[in-house]
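In the numbering used here, the protein residues as written are 50 to 165.
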């Protein structure tokens, strides 16, 4: 549970239904998920820079350190699980995939894929 807390304030703010999906993904794939970012409070350094609250602030987003074949498998499973926001960073030593299940909003189109 510690890795899901805000790295700024230590608050736990992950949505329970979202975490059920994440746990189902982990179980289906059969490899551990190293979480690099999960819940972020509004005062987190990354969230403070945003004009509107981000996916992490909602408790509906997680970044998982993963690369190569495991990244490919995670992407396939995440799409079949209904994840609507997918951010991919597969360059350098800090590779990760962002997953969220947010609904479409005017300032946040979904489904959507982006790269970092």
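Yeah, the Cβ is synthetic: ideal placement off N, Cα and C, and Gly gets one too.
Here the structure is a predicted model, which means the values were calculated and not measured.
* Which residues in the same chain as residue 102 place their Cβ atom closer than 8 Å to its Cβ, once the five residues preceding and following it in sequence are excluded? -> Excluding residues within five positions, the ones whose Cβ falls inside 8 Å are 91 and 96.
* Would you check if the distance between the CB atom of residue 93 and the CB atom of residue 147 is smaller than 8 Å? => no
* Ends of the beta strand (DSSP E) at residue 82? -> From DSSP, residue 82 is part of no beta strand (DSSP E); its letter is neither H nor E.
* To do: Pick helix, strand or coil for residue 147, following the three-state DSSP scheme.
  => strand
* Helix, strand or coil for residue 162 per DSSP? -> strand
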